[in-house]
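Sequential numbering from 2 applies to the sequence shown in this note's numbering. C-beta atoms are modelled at their ideal positions from N, C-alpha and C, and glycine is treated no differently. To keep things clear, I will list the structure first and then write my remarks on it.
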Amino acid sequence: MASPSAAPFDIAIAGAGIFGLAIACQAIRAGLRTVVLETERVGAGSSGGLLGALMPHMPARWNPKKEFQFQALLSLENHIQALEADTGLNCGYKRCGRILPLTTTDKLEHHLERAEESKLRWHPDETGFSYAVEPAGSRSDWLNGAAAPYGIVYETLAARVSPRRYLSALAAYAKQRGELREGARVVGFEDKSGEVLLEGQASLSAKRLVICGGFAAFDLIEQFTGEKIGRGEKGQALLLDGRGLEDKPAIYCDGLYVVPHGDGTVAIGSTSDRIFEDAFPSPARTSELIERATTFCPSLKGREVLTDWAGIRPRCNKRDPLVGRLPGFDAVYAATGGYKISFGIAHLVADCLVSEFAQGKSQHELPQTFRPTHHFGANHLKDDNWRKG
Numbered sequence: 002m003a004s005p006s007a008a009p010f011d012i013a014i015a016g017a018g019i020f021g022l023a024i025a026c027q028a029i030r031a032g033l034r035t036v037v038l039e040t041e042r043v044g045a046g047s048s049g050g051l052l053g054a055l056m057p058h059m060p061a062r063w064n065p066k067k068e069f070q071f072q073a074l075l076s077l078e079n080h081i082q083a084l085e086a087d088t089g090l091n092c093g094y095k096r097c098g099r100i101l102p103l104t105t106t107d108k109l110e111h112h113l114e115r116a117e118e119s120k121l122r123w124h125p126d127e128t129g130f131s132y133a134v135e136p137a138g139s140r141s142d143w144l145n146g147a148a149a150p151y152g153i154v155y156e157t158l159a160a161r162v163s164p165r166r167y168l169s170a171l172a173a174y175a176k177q178r179g180e181l182r183e184g185a186r187v188v189g190f191e192d193k194s195g196e197v198l199l200e201g202q203a204s205l206s207a208k209r210l211v212i213c214g215g216f217a218a219f220d221l222i223e224q225f226t227g228e229k230i231g232r233g234e235k236g237q238a239l240l241l242d243g244r245g246l247e248d249k250p251a252i253y254c255d256g257l258y259v260v261p262h263g264d265g266t267v268a269i270g271s272t273s274d275r276i277f278e279d280a281f282p283s284p285a286r287t288s289e290l291i292e293r294a295t296t297f298c299p300s301l302k303g304r305e306v307l308t309d310w311a312g313i314r315p316r317c318n319k320r321d322p323l324v325g326r327l328p329g330f331d332a333v334y335a336a337t338g339g340y341k342i343s344f345g346i347a348h349l350v351a352d353c354l355v356s357e358f359a360q361g362k363s364q365h366e367l368p369q370t371f372r373p374t375h376h377f378g379a380n381h382l383k384d385d386n387w388r389k390g
């Protein structure tokens with residue numbers, strides 16, 4: 002049992018990945034006493050990957066989700082600069098831009114339409130970011146011209162960050178100003194008393210619990226709600242020696258990213274496997290990634306493989322992230338399922354969620370498709386007194 006004399010935390014966060022740490026830092030800035038409880042170690046799940054691609058949704062079929070991500074990408078640079086100033090740690094962030102090869106006439110026509118819509122959606126006169134179709138040979142020093150027979154798209158909003166450095170800076174901030182416990186697995190929470198139950202350890206008290214923790218969060222959410230609203234999907238990536246390529250833009254071709262980083266590495270990834278047996282890198286998949294990447298990016302041929310990585314990414318059944326209070330509970334929240342866009346939006350998700358805790362108002366509004374009402378069954382949402390167990 003928790004010590005009755007121990008002052009309760011305002012927020013306990015289960016999981017030290019990108020969502021959990023971003024929420025912790027925002028909560029601390031809001032003056033809330035915060036503890037992060039991580040089953041293994043910081044970045045043990047999919048947040049500890051290699052790619053770091055911060056890529057906008059296409060400026061077509063615009064919706065609240067795309068607008069939210071757009072605003073998040075616009076504000077992320079200032080957020081990271083503030084974090085770096087507070088911690089003295091470099092996050093490896095840069096607005097690098099992105100190339101998309103055009104391989105068919107249909108793609109050319111499609112992206113010409115997107116380029117026109119970007120003038121409405123991206124507000125280039127205000128933001129300075131552009132989305133333009135260029136001749137095939139305009140970036141031939143980096144992209145194999147044969148891979149872009151109908152030209153390329155070059156957009157300047159895309160950026161990159163070092164996932165592990167960014168996590169390290171967030172963790173350092175949380176440790177300096179709050180509390181972060183590794184090797185602490187949350188197994189339950191008493192909604193009325195605020196007791197956070199830990200596996201093999203004394204419990205602690207908190208006014209709210211936020212379940213993060215990547216794909217493993219879905220099991221804990223199911224324990225509370227009786228519904229499994231997401232699954233894991235395996236992804237694999239690798240790092241090559243990228244010396245001399247640090248200032249090149251990212252490339253996205255046929256579902257694969259090539260992302261040069263400022264530390265002289267190039268990240269390649271990632272795969273997507275719904276069916277998997279483990280979370281370890283597959284040598285066959287590593288070979289496949291290298292072969293595919295060097296086909297459209299010859300500068301990578303013969304470069305040393307520094308490391309490979311695999312992880313299980315959280316994907317909600319309804320695709321969009323889950324952010325908000327779980328149905329039937331007063332003090333249990335969740336933030337998970339930011340499949341492929343977590344690093345770009347985590348700081349804005351944190352701002353919106355912490356504003357709810359502090360009874361304030363964020364400048365931004367979470368899309369309704371992020372809310373629990375979108376993810377859970379109607380019976381749970383109607384019965385506000387429903388409890389699991």
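- Secondary structure of lysine 302 (DSSP, three-state): coil.
- Residue environment for glycine 201: exposed (fewer than 16 other C-beta atoms within 10 angstroms of its C-beta).
- Here the alpha carbons of isoleucine 212 and valine 43 stand approximately 15 Å from one another.
- If the five residues before and after lysine 208 are omitted, its C-beta is found closer than 6 Å to the C-beta atoms of Pro9, Asp11, Gly195, all from its own chain and listed in chain order.
- Met56 is the residue among Gly93, Met56, Trp63 whose C-alpha sits nearest the C-alpha of leucine 75.
- For threonine 35, the enclosing beta strand (DSSP E) stretches over residues 35-39.
- For glycine 236, the three-state secondary structure derived from DSSP is strand.
- By the Cβ rule, the region 13-23 does not count as touching the region 266-281, because fewer than three pairs are nearer than 8 Å.
- At least 8 Å separates the beta-carbon of tyrosine 174 from that of threonine 35.
- Within the DSSP secondary-structure output, cysteine 97 pairs in no beta bridge.
- Val134 is the residue among Ile269, Arg96, Gly93, Val134 whose C-alpha sits nearest the C-alpha of histidine 111.
- When only Cα atoms are considered, proline 282 and glutamine 237 end up about 6 Å apart.
- The beta carbon of arginine 165 sits closer than 7 Å to those of Gly44, Gly49, all from its chain and outside the five residues before and after it, given in chain order.
- As computed with DSSP, proline 261 is found in a beta bridge with Val267.
- Separation of the CB atoms of proline 60 and proline 368 is rounded to 17 Å, and the pair is thereby denied contact status at 8 Å.
- By the C-beta criterion, the region 254-270 is judged not to be in contact with the region 312-320, since fewer than 3 inter-stretch pairs fall below 8 Å.
- Rounded to whole angstroms, the separation of the alpha carbons of leucine 205 and tyrosine 258 is 43 Å.
- Put simply, the region 22-30 does not touch the region 216-230. Fewer than three CB pairs are less than 8 Å apart.
- Looking at the DSSP output, leucine 323 bridges to Thr337.
- When DSSP states are grouped into helix, strand and coil, aspartate 279 belongs to the coil group.
- DSSP, reduced to helix, strand and coil, places glutamate 127 within a helical segment of the structure shown.
- Residue pairing for glutamine 202: DSSP places it in a beta bridge opposite Leu199.
- In this structure, threonine 308 sits away from lysine 302, with a CB-CB distance that is not shorter than 8 Å.
- In this structure, the alpha-carbon of tyrosine 253 lies about 18 Å from that of serine 343.
- With contacts defined by Cβ atoms closer than 8 Å, leucine 199 and alanine 217 do not form a contacting pair.
- Rounded to the nearest angstrom, the Cβ distance from leucine 239 to valine 306 is 6 Å, consistent with a contact under 8 Å.
- In the DSSP assignment, valine 350 falls outside any beta strand (DSSP E) and within the unbroken alpha helix (DSSP H) covering 343-358.
- For valine 154, the beta-bridge partners assigned by DSSP are Leu101, Val134.
- Note that the C-beta distance between arginine 316 and glutamate 234 is below 8 Å.
- Per the Cβ contact rule, the region 321-336 is not in contact with the region 143-153 (fewer than 3 Cβ pairs under 8 Å).
- Excluding residues up to 5 positions away in sequence, Lys249 lie with their Cβ nearer than 6 Å to the Cβ of tryptophan 143 in the same chain.
- The residues Cys92, Tyr94, in chain order, have a CB closer than 6 Å to that of isoleucine 81 in the same chain once the five nearest residues on each side in sequence are set aside.
- Straight-line spacing of the CA atoms in leucine 327 and lysine 362 works out to 20 Å.
- When rounded, the separation of the alpha-carbon atoms in histidine 262 and leucine 221 is 35 Å.
- The three-state reading of DSSP puts glutamate 191 in strand, counting E and B together.
- Using a 10 angstroms sphere on the CB of glutamine 364, the tally of other CB atoms stays under 16, which defines it as exposed.
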